[in-house]
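Student: Starting off with a structure, shown below.
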Amino acid sequence: MQLLTGLIVITAYAQSLSASDICSEELARLQEQEKLLKSQLQKQELFLHRLQLLNQPGNKNKAKPDQTQDSQYADCSQLFTSGFKSSGFYKIKTMSVYCDMSEGGGWTVIQRRINGTEAFNRSWAEYKDGFGDMNAELGEFWLGNDNLHHITAQGNYSLRINLEDFDGNQRYAEYKNFKVADEKDRYRLTFGDYVGTAGDALSGGHQVGVSDWASLHGMKFSTYDQDNDNYEQNCAQEDKGGWWFNKCHAAHLNGVYYPSGHYSASTDDGIVWYTWRGWWYSLKTSIMKLRPTDFKIDPSDDPNAVNHSPPS
Ligand SMILES: [Ca+2]
Numbered sequence: 001m002q003l004l005t006g007l008i009v010i011t012a013y014a015q016s017l018s019a020s021d022i023c024s025e026e027l028a029r030l031q032e033q034e035k036l037l038k039s040q041l042q043k044q045e046l047f048l049h050r051l052q053l054l055n056q057p058g059n060k061n062k063a064k065p066d067q068t069q070d071s072q073y074a075d076c077s078q079l080f081t082s083g084f085k086s087s088g089f090y091k092i093k094t095m096s097v098y099c100d101m102s103e104g105g106g107w108t109v110i111q112r113r114i115n116g117t118e119a120f121n122r123s124w125a126e127y128k129d130g131f132g133d134m135n136a137e138l139g140e141f142w143l144g145n146d147n148l149h150h151i152t153a154q155g156n157y158s159l160r161i162n163l164e165d166f167d168g169n170q171r172y173a174e175y176k177n178f179k180v181a182d183e184k185d186r187y188r189l190t191f192g193d194y195v196g197t198a199g200d201a202l203s204g205g206h207q208v209g210v211s212d213w214a215s216l217h218g219m220k221f222s223t224y225d226q227d228n229d230n231y232e233q234n235c236a237q238e239d240k241g242g243w244w245f246n247k248c249h250a251a252h253l254n255g256v257y258y259p260s261g262h263y264s265a266s267t268d269d270g271i272v273w274y275t276w277r278g279w280w281y282s283l284k285t286s287i288m289k290l291r292p293t294d295f296k297i298d299p300s301d302d303p304n305a306v307n308h309s310p311p312s
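Rendered as structure tokens:
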């Protein structure tokens, strides 16, 4: 409140002075002060909003964003740069998101599978809006295809996929220029170059002849109730989850959660990343998250940076 009052007083004072009354130096100083107060006010409002959300009972099982208050932050990377360094639930633009501030910080999490508590064989409408529990530390969720479109339409984003098997091994895959089109274009997926340790299952480029039917590049989203794939049947129905299927896939992270890895089924319907564990192994953990491709990692936040502190 004090900040807000200060901001109003300074703004009113600056407006009341004509150019002749005030030297440009004083004006610049006031404008600078106004900018600072505005930014402090925004931070306090956001902090307050987070506290309110945390204190709200019955806030679980709701990945659907709270639209009552907008934030000026475009994504979690802007929050991170503005000083919010703890992972958790934040407000960006018109949606609420889980921000992962590890691995260099600034990641907007779009999917989390860790224990099988949420069903991912959901309808078109549910994938459109998002579902699951984004608030809890161990919650599983899908951020929502409309939200994916809104975030990725803002610029160039990298997608990072963190995977873990039931033996505790971890791999990752990162793709530049990850974009999701709007609903009119059936949330069509596009992505760029791959780097990582899990293999490039998204493009199916790992094997000659596979990418024709396994590449998810340019594929539309499908659900059991809306078939937009290239297969004569419905991949989403067979593989029991909404995804960007081709005919059908070499990567499907919204599949059935099998509690022990190896599985047998009539189709490859597990949480599959073919280039790492094949079609008949369903992964324990899948986390998908976005960050602007040109995000600059602060050396002090870089987990790979050399520790220069003197030995004790
Ligand atoms: Ca089909």
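Sequential numbering of the sequence shown, starting at 1, is according to UniProt numbering.
For glycine and all other residues, C-beta sits at the position ideal for the given N, C-alpha and C.
Is Asp146 helix, strand or coil when you go by DSSP?
Tutor: Asp146 falls in the helix class under three-state DSSP.
Student: Should the segment 251-270 be regarded as contacting the segment 113-126, the criterion being three or more beta carbon pairs within less than 8 Å?
Tutor: Cβ pair count under 8 Å is three or more, so yes.
Student: Pull up the DSSP beta-bridge partners for Leu138, would you.
Tutor: DSSP output for Leu138 lists no bridge partner at all.
Student: The alpha helix (DSSP H) that contains Tyr127, what's its start and end?
Tutor: First-last of the alpha helix (DSSP H) with Tyr127: Trp124 to Asp129.
Student: Output yes if chain B places a C-beta closer than 8 Å to the C-beta of Trp280; else output no.
Tutor: In summary, chain B is missing from the structure at hand, where a single protein chain is found.
Student: Since Asp100 is in the alpha helix (DSSP H), which residue starts that stretch and which ends it?
Tutor: Note, Asp100: premise wrong, no alpha helix (DSSP H); beta strand (DSSP E) at Met95 to Asp100.
Student: Roughly how many angstroms separate the alpha carbons of Ile161 and Glu26, rounded to a whole number?
Tutor: Approximately 50 Å, taken between the alpha carbons.
Student: Could you tell me if the beta carbon of Gln226 falls within a distance shorter than 7 Å of some heavy atom in ligand 1?
Tutor: Answer for Gln226: no, Cβ out of range of ligand 1.
Student: Return the chain-ordered list of same chain residues with a C-beta closer than 7 Å to the C-beta of Glu164, the five sequence neighbours on each side being excluded.
Tutor: These residues qualify, in order along the chain: Gln170, Leu283, Lys284 and Thr285.
Student: Tell me the rounded alpha-carbon separation between Glu183 and Ala28.
Tutor: Taking the straight line joining both Cα atoms gives about 46 Å.
Student: Does the distance from the C-beta atom of Ser222 to that of Cys235 stay below 8 Å?
Tutor: Yes; because the gap between Cβ atoms is below 8 Å, this pair is in contact.
Student: Excluding the 5 residues preceding and the 5 following Arg186 in the sequence, name in chain order all residues of the same chain whose CB lies nearer than 6 Å to its CB.
Tutor: Only Lys220, Phe221 and Asn228 meet the Cβ criterion.
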